[in-house]
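Protein chains in written order, with my numbering: chain A, 1 to 163; chain B, 1001 to 1330. Down below is the structure, laid out as structure tokens.
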Amino acid sequence: MEVNGTLIWYYNICKREVWLMSRNIVPDQHNENIDLGKFLHENSFSRKKKEISFGSVKFDVILDTKDKLVIGETKKSSKYEAASKWQMMFYLKTLKDAGINAEGVMLYPEEKRRDEVLLDDTSIQTLNNMILDINSIIEKEEPPKAEKCKYCKNCGYLEYCYA
Amino acid sequence: MKKDIYIFNGGKLVRKDNTLLFESVEGKKYIPVNNVESIYIFGEVDINKSLLEFLCTNEIVLHFYNYYEYYIGSFYPRECLNSGFVTLRQSEFYIDYNKRLFIAKQFIDGSVKNIIQVLRYYNSRSADLSQEIEEILQMLDSLSSQETIEQAMAIEGNIREKYYKCFNKIINDKAFTFTSRTKRPPKDKINSLISFGNSMLYTIVLSQIYQTNLDPRIGYLHTTNNRRFSLNLDLAEIFKPIIVDRTIFSVINKKIITAKDFNKDLGGIILKDEGRMKFVKEFNDKLETTIKHPSLENKVSYKRLIRLEAYKLQKHITEGEVYEPFIARW
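What follows is the structure, given as structure tokens:
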């Protein structure tokens, strides 16, 4: 299975989620957080071009193409800041591998906040290790056991994991 | 949590703009589509394809009931949660007889333990049931040594027969004396309530399975996998005593439903419309009752417990987490 941005995101939140997602075992679709996320995705930046596919990555918006390429990714909140940043790094790396140098911006419309993301050599190395580890999780017969963490409370898998 | 909608009147159910509208002689009633989990239709209701398409997009299951045969069938929208991996595993656990036998026995075990809980409750109140409880516990002991699903089911059948006899001690209305279990058509009032309650539960469970990756066509206890759905019948076994039977005892003992709510028709006894409405109301109240869940921090409703049960089964077949049925603790 090809690693994509979403898996990178999940990897940085919960490794069990990576395995479940890889088997298309999706979270409770009527979870209110998931509903809200879908709504924000569909209703933010409606005037800009969105969901641009490039190879295996799919990002939300292209913000600037005049001087340099800037891509944006919308998130509901900055609570998952680190995970979101790595997702963006992965996009930038994919573009870089194709010979395109780009910069990224994380967008948190609800918080009216934007964070710039730049790709450097250390982060490329970290990403490569993540990709290897994701593949080894997916190859396993069974998912990693559920471990209670601060993200569990609002997770759409909560009931699935702890039923 | 989303709600179940029950329609008893005749009329027309349509898609109106981006929501649902029910039109009847009594007027127009809008039903916010985002708030609906399943729809239960008892009345003579006209529907069209545009409505079905709309329900499909919104992942709403539609269940139909008719006057004489009770449950007719369901409009089960195309699966929204597909996982080839889970389907393959589910089949594997069916084909491997030992794996299947284990799950089937767990369903029976859960069902019988919940029966005992119900009996213990009434034993501590009005009825003397200690003898029956003892006998059922002894019968349950032999379950683990059974080598086929048929043998296990036979034990369950014997237990259930003994259990149904207890109904006469629990129910304090002579009009509802239980003699033997009769179906299609039920021959007395109590059988009529059991049949109706069970068929309601089957559809509730089906709607919950729809929200998981499990395929309702592959069941483990009920051998007839040729029928459309069977996994919902399996999971329902666990909840029949604590949801259906308890609702029956309370509608009779509280005199919410009395002999006047029944019609004798075509050789069978069936609930009148009004009786049906009263039963469904109590049944739905029961489903929405919340209890404290041991491993989840929140309180969960009985309806949610059914979903959690489906999740547990799914994890049993995909993660090797041994499936333990839900046992009521009071």
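The beta carbon of each residue, even a glycine, is placed where N, CA and C say it ideally should be. Bear in mind that the values here come from a model prediction, so they are computed numbers and not experimental data.
Item	Value
Listed in chain order, which residues of the region 1312 to 1328 of chain B have Cβ atoms closer than 7 angstroms to some Cβ of chain A?	K1312, E1319 and G1320
Determine, using beta carbons only, whether F1085 (chain B) comes closer than 8 angstroms to chain A.	yes
Can you find at least 3 beta carbon pairs, one from the region 1173 to 1187 of chain B and one from the region 1265 to 1282 of chain B, that sit closer than 8 angstroms?	yes
Starting from K1070 (chain B), follow its DSSP beta bridges and name the residues at the other end.	Here the sequence assigns Tyr to residue 1070 (chain B), which means Lys is not the residue at that position. Y1070 (chain B) is bridged to B:N1066.
For M88 (chain A), which three-state DSSP category applies?	helix
Express the C-alpha separation of M106 (chain A) and I52 (chain A) in angstroms, rounding to a whole number.	15 angstroms
Tell me whether M21 (chain A) sits in a helix, a strand or coil according to DSSP, three-state version.	helix
Among A:I8, A:N4, A:N12 and A:V3, whose alpha-carbon lies nearest the alpha-carbon of K181 (chain A)?	Since the first residue of chain A shown is 1 and the last is 163, residue 181 (chain A) is not available in this structure.
Run the CB neighbour count on R1307 (chain B), radius 10 Å, all protein chains shown included, and call it buried at 16 or more, exposed below.	buried
Which first and last residues belong to the beta strand (DSSP E) in which M106 (chain A) is found?	A102 to Y108
So is W9 (chain A) buried or exposed if we call it buried at 16+ other beta carbons inside 10 Å?	buried
Mind listing the chain A neighbours of L1296 (chain B)? Cutoff is C-beta to C-beta under 8 angstroms, in chain order.	L158, E159, Y162 and A163
Taking the beta carbon of W19 (chain A) as the centre, do at least 16 other beta carbons fall within 10 Å, making it buried, or is it exposed?	buried
Beta-carbon within less than 8 angstroms of R1100 (chain B)'s beta-carbon, same chain only, minus the 5 sequence neighbours each way: which residues are those?	F1093, Y1094, I1149 and Y1220
Taking 8 angstroms as the threshold (beta carbon to beta carbon), is N24 (chain A) in contact with chain B?	yes
Whose C-beta lies closer than 8 angstroms to the C-beta of L127 (chain A) among residues of the same chain, with five residues either side of it excluded?	I8, W86, M89, F90 and K93
Only counting the same chain, and skipping five residues up and downstream in sequence, which positions put a Cβ closer than 8 angstroms to that of S1091 (chain B)?	I1218
With a Cβ-Cβ cutoff of 8 angstroms, do F1085 (chain B) and G1043 (chain B) count as a contact?	no
Between P109 (chain A) and chain D, is the shortest Cβ-Cβ distance under 8 angstroms, so that the two count as touching?	Absent from the structure is chain D; the protein chains it does hold are A and B.
Compare the C-beta of E147 (chain A) against all C-beta atoms of chain B and say whether one is closer than 8 angstroms.	no
Less than 8 angstroms between CB atoms is the rule here; does K1003 (chain B) satisfy it with respect to chain A?	no
Residues of the region 122 to 154 of chain A with a CB closer than 7 angstroms to any CB of chain B: list them in chain order, please.	E142 and P143
K1299 (chain B) to L1119 (chain B), Cα distance in whole Å?	25 angstroms
Does DSSP classify R113 (chain A) as helix, strand or coil?	strand
Within 10 angstroms of its Cβ, does P1294 (chain B) collect 16 or more other Cβ (buried), or is it exposed?	exposed
Count the other C-beta atoms from every protein chain shown that fall within 10 angstroms of the C-beta of Y984 (chain B), then say buried if there are 16 or more, exposed otherwise.	Nothing can be reported for residue 984 (chain B), as the shown portion of chain B is limited to 1001 through 1330.
Report yes or no: is there a C-beta of chain A within less than 8 angstroms of the C-beta of L1081 (chain B)?	yes
Kindly give me the distance between the Cβ atoms of F1229 (chain B) and P1216 (chain B), rounded to whole angstroms, as I take these residues to be in contact under 8 angstroms.	4 angstroms
At 7 angstroms on the CB atoms, spell out the chain A contacts of L1308 (chain B), in chain order.	E159 and A163
DSSP three-state label for L1296 (chain B), please.	coil
With 9 angstroms as the C-beta to C-beta threshold (strictly closer), list the residues of the region 1208 to 1242 of chain B near chain A in chain order.	Q1211, T1212 and N1213
Quick check on G1027 (chain B): buried or exposed, where buried means 16 or more other Cβ atoms within 10 Å of its Cβ?	exposed
I need the straight-line Cα distance from E1237 (chain B) to I1060 (chain B), nearest angstrom please.	24 angstroms
G104 (chain A) to K79 (chain A), Cα distance in whole Å?	18 angstroms
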